[in-house]
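Chains as they are written, first to last, in my numbering: chain A, 1 to 607; chain B, 608 to 686.
Positions of the beta carbon are idealized from the N, C-alpha and C atoms, including for glycine.
In this text, all values refer to a predicted model and were calculated from it rather than measured experimentally.
First up is the structure itself, then whatever we jot down about it.
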Amino acid sequence: MKRLLLFISIIALSYAFFQSKNLLNISAGVAIFLFGMKSLEEGFRFFIGGLLDKFLKKITNHLYKSILFGAVITVLMQSSGLAAVIAISFISAGLIELAQGIGIILGGNIGTTTGAWLIAGLGLKISIATYALPMLVFGMLFIFQENKRLKGIGYALAGLGFSFLGIAYMKEGFDAFKESVDLTQYAADGFMGIILFALIGAGMTIIMQSSHASLVLILTALSASQITYENAIALTIGANIGTTITAILGALGAGYEGKKLATAHFMINSLTGLTVIGFVPQWITFIDYTAPFFGIPQEEYALKLALYHTYFNLLCVVLFAPLVHGLVKVVNHIFKPKVTAENAIDDVLFINDVALDFPDTAQETLFKETKHLYTNVFDIIAQGLSVTKEDISSGMEAEDIIKLRNYALHVNMDDYYERRIKEIYGKIINFAIVAQGKFSEISDHQFVPIKNASIGIVEAFKAAKHMQKNMLRYLESDNEYIKSEYNHIRKNLIKHLRTMQMIFNTTEEDVAVLLLSKLKLDAQNYDIAANKSLDNLIRTNKITYTMATSLMNDTSYAYTIASELSKVAHILFMHSSTHVEESSEALILNEAEVSDLTHASSQRSTL
Amino acid sequence: MNGLKFIQNVKALFGLTPEDGEATKKKAIKELLKKLKLRHILLKQELKNETDLIKREAIHDSIKILKKQMKKGKDILDD
Chain A
1 MKRLLLFISI IALSYAFFQS KNLLNISAGV AIFLFGMKSL EEGFRFFIGG
51 LLDKFLKKIT NHLYKSILFG AVITVLMQSS GLAAVIAISF ISAGLIELAQ
101 GIGIILGGNI GTTTGAWLIA GLGLKISIAT YALPMLVFGM LFIFQENKRL
151 KGIGYALAGL GFSFLGIAYM KEGFDAFKES VDLTQYAADG FMGIILFALI
201 GAGMTIIMQS SHASLVLILT ALSASQITYE NAIALTIGAN IGTTITAILG
251 ALGAGYEGKK LATAHFMINS LTGLTVIGFV PQWITFIDYT APFFGIPQEE
301 YALKLALYHT YFNLLCVVLF APLVHGLVKV VNHIFKPKVT AENAIDDVLF
351 INDVALDFPD TAQETLFKET KHLYTNVFDI IAQGLSVTKE DISSGMEAED
401 IIKLRNYALH VNMDDYYERR IKEIYGKIIN FAIVAQGKFS EISDHQFVPI
451 KNASIGIVEA FKAAKHMQKN MLRYLESDNE YIKSEYNHIR KNLIKHLRTM
501 QMIFNTTEED VAVLLLSKLK LDAQNYDIAA NKSLDNLIRT NKITYTMATS
551 LMNDTSYAYT IASELSKVAH ILFMHSSTHV EESSEALILN EAEVSDLTHA
601 SSQRSTL
Chain B
608 MNGLKFIQNV KALFGLTPED GEATKKKAIK ELLKKLKLRH ILLKQELKNE
658 TDLIKREAIH DSIKILKKQM KKGKDILDD
């Protein structure tokens, strides 16, 4: 269907271009302008990787700061669409809250008005193409530089150059049109005319995926007197609503939070549009009355339209800024997350297409999904030890948990893997590989370690699965010695899992640094202690040789669980976005240093 | 913000000047070492009051780790 539509569009446009050279000029102008906008966006993407994460956290803690951020970023990038994409990506990754995202969208609405002023005030008055050409040359010079940020400047400059060139082409097309055709004969009066043109405005914005491009087209057409002032206002209202469809389309691949934001954006612009659409004549009077205060002459319709655009977007903010929390409640009510039943297949919670828009969001998403995987594996490892995750999270001593759960808990680990691990694990690995390819410059220190943590989590699960068979058998055994040995393994792993929970929950850096080293020490100590105990039992014939080999194997599996989980805790702690400094990494003991401590202790105990 | 600082910030934004990462790291290690020393004192006091053998062993292990970490931190600062 899409291909058929594309084919029909190409045929129709080709015929139209053959018939009218001016239409070709205007369409080429729109295409060059859109290409310029894309290039401008690309340029800013070179800057925002890594910077945006820190910046957003600092400035989006209050609504007014979020609005300011949205306004500034839209002024700089001249694209409210990119501001919306940033907000949707960061909300989906959980880096900012929905209310902050709405603030950014409201700010984006204010920021977009500057574009209208620039085009109406400068773009249509001076020979803008004169500035476009040197910008393109300098832009290209910068694009060929090695430095990432200089390259970004190059793309931004080239983007501006192309946008200016596009405006010049559109202007030229409409000016030439004026001499042969009078489009105002198609103008529609009255309320129905306003509705019709608002729909046209929304439609062309959806097609071009840019309200900015629509606005340029409306302004150039208005300045060439090809549309009436009233119809231009209606088109602007439509463009403001149409731009939200771009955000909705962008949020289709996003998680719940992204969809909520896109819906909020649609509600804000549509409700403001509906509020003003019935009062267009009154607005015209109001603008006529206020325009002289800004030094705008009565016959300057392009500037008056820019003023109207500003009023419209300010009204959005005035109406909805006080209602942001109410709006959050409404969209939360519309989008209720599905509750996964215990026996249902668990799927990813954070991974989605928009998460791959920026390196920060990709890293955060990968990190959160890996923690989700860990939560599931933590649950099943606990069950494999015949305890529950609640037992581990409780304040009970490990010895008391063992006493309480002194029977085998039969759980099908293969089935659990199919339902709650396999899908998530597969998607994490796939996401990490795509992110590594897309952001290759930073993949080694951002994506590869987290991907390895996921692999480690699943390795720990596999070891727990292998261990479970004998664990179930010997927990029900009459031989107290072998039962005691397996309880010893259980106790140590319970402590290990608990320490991991403490690392993930603590806010104190020194505690985490100490516990991460302790995890490694415990894993090694535990291996040595188990081997000694096993030797004694074999020498004194307290267990059979079958029991001995099982215990040897399971000790090895338990060690694998402990060591893999220690590595996982280390990686996840270092990549958590909260308060982790490079200094923490430096002070966490490595394997060799932990071995030194272990050998020093064992030598003391043998002396 | 004075002119020089502004130029430095703009240069850093455009990636034209490498940040002094080593100094920042050392400062952070110094801060963390202070916290670890405090934790070491707390654990030593805890060890004095603890009578349970298993818990004493766990605290002892933590103290050993802290000592090693403090030594490691000191070595980095001295470099």
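- Scanning B:Lys641, B:Leu640 and B:Ser669 for the CA closest to the CA of B:Leu654 turns up B:Ser669.
- Around the beta-carbon of A:Leu327, 16 or more other beta-carbon atoms lie within 10 Å, marking it buried.
- Collapsing the DSSP output to three states places A:Thr598 in a helix.
- Counting only the Cα atoms, A:Leu274 lies some 18 angstroms from A:Ser211.
- At a cut-off of 8 angstroms between beta-carbon atoms, B:Lys642 makes contact with chain A.
- Note on geometry: alpha-carbon atoms of A:Phe447 and A:Gln363 lie some 6 angstroms from one another.
- Setting aside the 5 residues that flank it on each side, A:Ala262 is surrounded in the same chain by Ala84, Ile88, Thr244, Ala247, Ile248, Gly250, Ala251 and Ala254, each with a C-beta closer than 8 angstroms to its C-beta; the list follows chain order.
- In the three-state DSSP reduction, A:Pro134 falls in the helix class (H, G or I).
- The C-beta of A:Glu485 comes no closer than 8 angstroms to any C-beta of chain B.
- In summary, A:Met204 is buried, with 16 or more beta-carbon neighbours lying within 10 Å of its beta-carbon over all protein chains present.
- For A:Met77, the enclosing alpha helix (DSSP H) starts and ends at Leu63 to Met77.
- Only buried fits A:Thr112, as 16 or more other CB atoms lie within 10 angstroms of its CB.
- According to the DSSP assignment, A:Thr549 belongs to the alpha helix (DSSP H) that extends over Tyr545 to His575.
- Under the Cβ criterion of 8 angstroms, B:Gln676 is counted among the residues facing chain A.
- A Cβ-Cβ separation of about 6 angstroms places A:Leu493 in contact with A:Ala558 under the 8 angstroms criterion.
- Near chain A, meaning a CB-to-CB distance below 7 angstroms, the residues of the region 634-664 of chain B are Ala635, Ile636, Leu639, Lys642, Leu643 and Arg646.
- A buried status is given to A:Val513, since no fewer than 16 other beta-carbon atoms sit within 10 Å of its beta-carbon.
- Pairing A:Thr375 with A:Ser92 gives a Cβ-Cβ distance that is not under 8 angstroms.
- Interface criterion met: the Cβ of B:Asp668 is under 8 angstroms from a Cβ in chain A.
- Taking a Cβ-Cβ threshold of 9 angstroms, none of the residues of chain A is close to B:Leu684; the smallest such distance is about 10 angstroms.
- Restricting attention to alpha helix (DSSP H) runs no shorter than 4 residues, the region 83-145 of chain A encloses them at 98-118 and 129-143, ordered along the chain.
- Scanning A:His575, A:Leu133, A:Ala463 and A:Thr546 for the CA closest to the CA of A:Ile503 turns up A:His575.
- A straight-line Cα-Cα distance of about 15 angstroms links A:Ile207 and A:Ile32.
- Secondary structure note for A:Arg490: its alpha helix (DSSP H) is the uninterrupted segment Glu480 to Asn505.
- Contact between A:Tyr131 and A:Gly43 is absent: CB atoms are separated by about 17 angstroms, not below the 8 angstroms threshold.
- When Cβ pairs closer than 8 angstroms are counted between the two stretches, the region 314-329 of chain A is seen not to touch the region 394-405 of chain A, the count staying below three.
- Nearest neighbour of A:Met267 by Cα position, chosen from A:Phe279, A:Ile200 and A:Leu106, turns out to be A:Leu106.
- If you draw a straight line from the Cα of A:Met170 to the Cα of A:Gly36, it is about 14 angstroms long.
- Taking each of A:Ala221, A:Val411 and A:Thr74 in turn and checking the Cα distance to A:His466, the smallest one comes out for A:Val411.
- Proximity of chain B to A:Ser517 at the Cβ level (cut-off 7 angstroms) is accounted for by Ile672 and Gln676, in chain order.
- Of A:Ser270, A:Glu299, A:Lys260 and A:Asp379, the smallest CA-CA separation from A:Ile334 is found for A:Lys260.
- The region 96-103 of chain A and the region 126-145 of chain A do not touch, with fewer than 3 CB-CB distances between them shorter than 8 angstroms.
- Boundaries of the alpha helix (DSSP H) around A:Thr285: Val280 to Thr290.
- In the same chain as A:Ala562, and ignoring 5 residues on each side of it, the C-beta atoms closer than 6 angstroms to its own belong to His496 and Ala523, in chain order.
- One alpha carbon belongs to B:Leu650, the other to A:Asp596, and they sit about 21 angstroms apart.
- The C-beta distance from A:Ile167 to A:Ile119 rounds to 7 angstroms, short enough to fall under 8 angstroms.
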